[in-house]
Structures are given as C-alpha cells and as structure tokens.
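Here the structure is laid out as structure tokens; the discussion comes afterwards.
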Amino acid sequence: APKGVWCPAWGLEALAPTTQRDILIALAKQSILSKLRLPDRPNITQATSRAALLTALRRMRAQHMDTAGSPGMPHDGSIPHLRPGMGVQEYEILSFAESGFSTSHSVRLHFHFTRELAGNTEILQATLYLFWVVPGPRTHPVTVRLLQPDPTGLNMTVASETQLEVQRTGWATLDVGRAVQSLFGQGSQMLTVELEVAEDWGSPLLAGHGDSHWPFVAAQARARMPHRVQRR
Amino acid sequence: GVDCSGDSRMCCRKEFFVDFKEIGWEDWIIQPEGYHMNYCTGLCPLHMAGIPGLAASFHTAVLNLIKANNADAAVDSCCVPTQRRPLSLLYYDQDSNIVKTDIPDMIVDACGCT
Chain A
135 APKGVWCPAW GLEALAPTTQ RDILIALAKQ SILSKLRLPD RPNITQATSR
185 AALLTALRRM RAQHMDTAGS PGMPHDGSIP HLRPGMGVQE YEILSFAESG
235 FSTSHSVRLH FHFTRELAGN TEILQATLYL FWVVPGPRTH PVTVRLLQPD
285 PTGLNMTVAS ETQLEVQRTG WATLDVGRAV QSLFGQGSQM LTVELEVAED
335 WGSPLLAGHG DSHWPFVAAQ ARARMPHRVQ RR
Chain B
36 GVDCSGDSRM CCRKEFFVDF KEIGWEDWII QPEGYHMNYC TGLCPLHMAG
86 IPGLAASFHT AVLNLIKANN ADAAVDSCCV PTQRRPLSLL YYDQDSNIVK
136 TDIPDMIVDA CGCT
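Protein sequences appear in the order of chains A and B.
For the working numbering, add 134 to where a residue sits in the first sequence, where the first one is 1.
For the working numbering, add 35 to where a residue sits in the second sequence, where the first one is 1.
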C-alpha cells in the first residue's frame with residue numbers, strides 16, 4: 135500500500151463481517167437522519183390511512199397535471215425524482231387536518247409542520263384541499279378563514295378570509311402558500327383554518343374524519359442552503 | 036467503474052443493502068424498502084491513480100507525468116465515489132405529516148482512484 139495513505143474505507147476491510155455490517159448500518163442511519171434534519175427516527179403516533187394517502191397523492195397529481203407544474207407524488211405512491219435542483223434538497227409535505235373546535239355550522243382544522251422543516255426551509259407553494267359533499271343542486275357560500283396566533287400566542291387572529299362558492303360534491307382548493315410562509319417566518323408550526331357555512335339546511339358538509347377524502351395541505355418547500363463560497 | 040467481486044483487491048464498488056424492515060424503520064419510511072449504501076474500497080497503486088475514466092482530469096494527467104518522471108513526487112491515491120445519485124424517500128415526520136424528498140448524492144454508482 136502506498137506509504138502514509140489513509141483512505142476512507144480502509145479500516146472497514148480489516149474488520150469481521152458482522153462488525154462491518156453493524157458499522158455500515160449505523161452509518162446509514164446517521165446519514166439518513168442527518169440529511170433529513172431529524173434528531174432521531176420519528177415515533178409514529180397515528181399513521182395516515184393508506185386510502186387517505188393514496189387519495190391525496192392522486193388529487194395532487196391531478197392538480198399538478200392541471201397546472202402543468204412539476205410531477206408531484208403520483209397516485210401509486212412510487213417516487214419520481216424531484217427536479218434535480220443543483221443538489222438543493224426539496225421537499226413535498228402532506229399535512230392531514232386535525233379537527234379542532236366546531237359548532238353546527240363551523241369547524242376549525244389544524245395543520246402541523248415539523249420544527250425541523252419550519253426552521254430551515256422556504257415554502258415554494260402550499261395548497262389546501264377540501265372535499266365537500268353537497269346535498270342540493272345550488273351554489274353554497276363557504277367562508278374560509280386562515281387564523282394565526284396573536285403576539286401573545288393566547289388568541290387567534292384572522293390572517294385572511296376567502297369566500298368559496300361550492301356548487302357540487304368534489305374537491306375545492308385554496309392557495310395558502312403565503313400564510314404558511316408567514317407562519318414559518320414567525321417560528322410557528324401550526325396553520326389553523328376555520329370553515330363556516332350558512333346555518334340553513336342542506337349546507338355542504340366536509341368529508342368525515344377517517345374518510346379517505348379528509349382535508350389536507352400539500353406544500354412544496356426547499357431547504358435553505360448554508361451560504362457557500364466556491365473557489366476555483 | 037468496477038464492482039467488487041471475489042477477492043479483488045483493486046479499487047471497486049462494494050454493494051451493501053440496508054433493509055428498513057430489518058432495522059425497524061419500515062413504520063416511518065413508507066418508500067423505498069431499503070437503501071443501497073454501496074461504498075468504494077480497494078487499493079489504488081500508483082500506476083492506477085487517475086486512469087482516464089477514473090476521476091480523471093487535466094490535473095491528473097499532469098500528475099501522472101510527474102509520477103512517471105519522479106517517483107518521489109508521487110502522491111497518495113484513494114478509491115472514492117466517481118458517480119452518485121439521490122436517495123428518494125417518502126416518510127412520516129414527527130407530526131405524522133408525509134414528506135417526500137430526494138437526498139442528493141446518497142447512492143454510489145461508480146468508484147475510481149483519485
């Protein structure tokens with residue numbers, strides 16, 4: 135062997151196969167967790183139902199096709215490569231709603247985003263997907279409010295309000311990119327959406343919890359790369 | 036690049052597959068089922084250093100000329116990745132969100148001598 139050379143994988147070959155395997159597996163775990171900016175492997179409290187996951191993937195795929203945007207997550211869950219962006223790591227995040235306070239004609243939905251992502255990423259786009267079941271053949275007004283905590287964090291203030299006209303059963307989407315970006319900017323990790331329908335009969339209903347059409351937010355984010363000086 | 040086979044001692048790519056089910060990660064990584072954590076190993080004798088096609092460049096050619104004329108000026112050489120590709124993951128994060136990302140340069144496709 136050339137004198138004085140220490141190459142990365144050399145030490146490995148001299149070890150027993152079982153030791154080699156243990157070291158490689160430990161390296162693989164450490165490498166994946168560090169690249170995903172995770173302190174440890176996540177403990178999954180409630181996994182999303184496969185039906186809801188596949189429905190969301192299909193819906194996003196259809197939306198991407200409509201807007202001729204990037205090929206998002208396909209319906210079969212296989213993973214096409216994201217546009218290779220010069221080694222910049224991009225993420226697509228699916229956040230399913232957690233139901234909050236509700237009345238007979240309004241409901242609050244919460245969407246959580248992890249602190250790892252909130253700190254180091256910029257939101258490229260974020261879309262709220264709502265599936266409405268409309269009993270009657272007429273147009274129903276729905277008010278969608280995006281809420282955010284006030285400076286004390288004790289109360290919620292309305293960041294924006296939009297009127298949706300729901301005419302038939304199916305998906306409705308709303309661009310929430312700016313709201314999610316401003317939440318990330320404030321270090322908050324939760325987006326709260328309040329939906330309000332008219333009090334009269336036959337108002338549109340949201341697909342029920344546990345249903346495969348449960349509301350979700352699909353966001354595209356890009357890791358902020360540490361500023362690097364390239365010298366040639 | 037060359038894949039390691041038998042007891043080859045020259046610079047080559049060694050395959051190593053980490054099965055996520057075997058390490059108990061299949062509950063939070065939805066896809067794929069494992070990670071091809073290939074790595075480079077083996078010797079890079081001086082006559083192999085910087086052979087065209089193996090991490091070659093103009094500087095390597097100049098270096099070879101120096102080596103050919105003056106063995107003492109020869110520098111050391113290591114077996115390193117010359118071609119890599121991203122690892123695509125679909126996984127649950129701590130809030131049970133589903134995240135898809137491509138981690139760049141995670142899978143070694145070819146090795147060569149510096």
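We treat Cβ as the ideally placed atom computed from N, Cα and C, and that holds for glycine.
Since the structure is predicted, the reported quantities are computational estimates derived from the model, not experimental observations.
- [ ] Assign A:Met199 to one of two classes, buried (16 or more other C-beta atoms within 10 Å of its C-beta) or exposed (fewer than that).
- [x] Looking up residue 199 of chain A in the first sequence gives position 65. So A:Met199 counts as exposed.
TODO: Pull up the DSSP beta-bridge partners for A:Trp369, would you.
DONE: As shown, chain A starts at 135 and ends at 366. That puts residue 369 of chain A outside it, with no answer to give.
Task: Neighbouring residues, chain B, relative to A:Ser316 (Cβ below 7 Å) - done: As a working mapping, residue 316 of chain A is identified with position 182 in the first sequence. Neighbours of A:Ser316 on chain B: none; closest Cβ ~19 Å, over 7 Å.
TODO: With 9 Å as the C-beta to C-beta threshold (strictly closer), list the residues of the region 49–65 of chain B near chain A in chain order.
DONE: Among the residues of the region 49–65 of chain B, those with a Cβ less than 9 Å away from any Cβ of chain A are Lys49, Phe51, Val53, Glu57, Ile58, Gly59, Trp60, Asp62, Trp63, Ile64 and Ile65, in the order of the chain.
TODO: Indicate whether the contact test is met: 3 or more Cβ pairs, each with one atom in the region 287–307 of chain A and one in the region 262–272 of chain A, closer than 8 Å.
DONE: Taking 8 Å as the limit for Cβ pairs, the verdict is that the region 262–272 of chain A does touch the region 287–307 of chain A.
TODO: Taking A:Ser229 as the query, report the chain B residues whose CB atoms sit under 7 Å from its CB, ordered along the chain.
DONE: Here residue 229 of chain A corresponds to residue number 95 of the first sequence, with the count starting at 1. For A:Ser229, the chain B residues whose Cβ falls inside 7 Å of its Cβ are Asn132, in order along the chain.
- [ ] Inspect the CB distances between the region 172–179 of chain A and the region 280–293 of chain A and report whether three or more fall short of 8 Å.
- [x] The answer is no - the region 280–293 of chain A does not touch the region 172–179 of chain A, with fewer than three Cβ pairs under 8 Å.
- [ ] Starting from the Cα of B:Asn73, find the closest Cα among B:Gly59, B:Thr149, B:Gln118 and B:Ser123 and give me that residue.
- [x] Along the second sequence, read from residue 1 onward, the residue named residue 73 of chain B stands at position 38. Looking at the Cα atoms, B:Gln118 is the closest of the given residues.
Open item on the list: Please tell me whether A:Ala196 has its Cβ less than 7 Å away from any Cβ of chain B.
Closed with: Walking along the first sequence from the start, residue 196 of chain A turns up at place 62. Taking CB atoms only, A:Ala196 has no neighbour in chain B less than 7 Å away.
Open item on the list: Below 9 Å on C-beta distance, what does B:Ile138 contact in chain A?
Closed with: Locating residue 138 of chain B in the second sequence gives position 103, where the first residue counts as 1. Those within 9 Å of B:Ile138 in chain A are Ser165, Ile166, Lys169, Leu170 and Gln223.
Open item on the list: Spatial neighbours of B:Glu61 within its chain, please: C-beta separation below 6 Å, excluding the five flanking residues on both sides.
Closed with: Position 26 of the second sequence, counting from 1, holds the residue named residue 61 of chain B. Cβ neighbours of B:Glu61 beyond the five flanking positions: Phe55.
Open item on the list: Beta carbons nearer than 8 Å to chain A: which residues of the region 110–121 of chain B have them?
Closed with: Cβ contacts with chain A come from Asp111, Ser112, Cys113, Cys114, Val115 and Pro121.
TODO: Check the Cβ of B:Asp42 against every Cβ in chain A and list those closer than 8 Å, keeping chain order.
DONE: Here residue 42 of chain B refers to the residue found at position 7 when the second sequence is read from its first residue. Neighbours of B:Asp42 on chain A: none; closest Cβ ~11 Å, over 8 Å.
Task: Proximity below 7 Å, CB of B:Cys79 to CB of B:Cys148 - done: Mapped onto the second sequence, residue 79 of chain B falls at position 44. Mapped onto the second sequence, residue 148 of chain B falls at position 113. Yes, they are a contact pair.
Task: Rounded straight-line distance, which links the Cα of B:Ile142 to that of B:Cys47 - done: Taking the second sequence and counting its residues from 1, one reaches residue 47 of chain B at position 12. Taking the second sequence and counting its residues from 1, one reaches residue 142 of chain B at position 107. Each residue's alpha carbon lies about 15 Å from the other.
TODO: Return no unless some Cβ of chain A is closer than 7 Å to the Cβ of B:Cys47.
DONE: Locating residue 47 of chain B in the second sequence gives position 12, where the first residue counts as 1. With 7 Å as the cut-off, B:Cys47 does not count as an interface residue toward chain A.
Task: Residue of A:Gly321, A:Leu329 and A:Glu299 minimising C-alpha distance to A:Val292 - done: Taking the first sequence and counting its residues from 1, one reaches residue 292 of chain A at position 158. The candidate whose alpha carbon is nearest that of A:Val292 is A:Leu329.
Open item on the list: In whole angstroms, give me the CA-to-CA distance for B:Asp107 and B:Met45.
Closed with: In the second sequence, the residue the question calls residue 107 of chain B occupies position 72. In the second sequence, the residue the question calls residue 45 of chain B occupies position 10. Bear in mind that the predicted position of B:Asp107 carries a pLDDT of just 49, short of 50, making it too unreliable to give a figure here.
Open item on the list: Distance check for A:Ala332 and A:Arg238, CA to CA, integer angstroms please.
Closed with: Looking up residue 238 of chain A in the first sequence gives position 104. Looking up residue 332 of chain A in the first sequence gives position 198. The question names Arg, but residue 238 of chain A in the sequence shown is Ser. Using only the alpha carbons, I get a separation of about 10 Å.
Task: CA-to-CA distance, B:Ile133 to B:Gln66, given in whole angstroms - done: Sequence index remark: in the second sequence, residue 66 of chain B carries index 31 (1-based). Sequence index remark: in the second sequence, residue 133 of chain B carries index 98 (1-based). The alpha-carbon atoms of B:Gln66 and B:Ile133 are separated by roughly 11 Å.
TODO: Return helix, strand or coil for A:Cys141, following the three-state DSSP convention.
DONE: In the first sequence, the residue the question calls residue 141 of chain A occupies position 7. The three-state reading of DSSP puts A:Cys141 in coil, since its state is none of H, G, I, E or B.
Task: Three-way DSSP call (helix, strand, coil) for B:Asp137 in this model - done: Within the second sequence, residue 137 of chain B is the residue found at index 102, counting from 1. Strand, per DSSP.
- [ ] Please state whether DSSP places B:Gln129 in a helix, a strand or coil.
- [x] As a first step, residue 129 of chain B is located in the second sequence; it is residue number 94 there, counting from the start. Note: B:Gln129 maps to coil in three-state DSSP.
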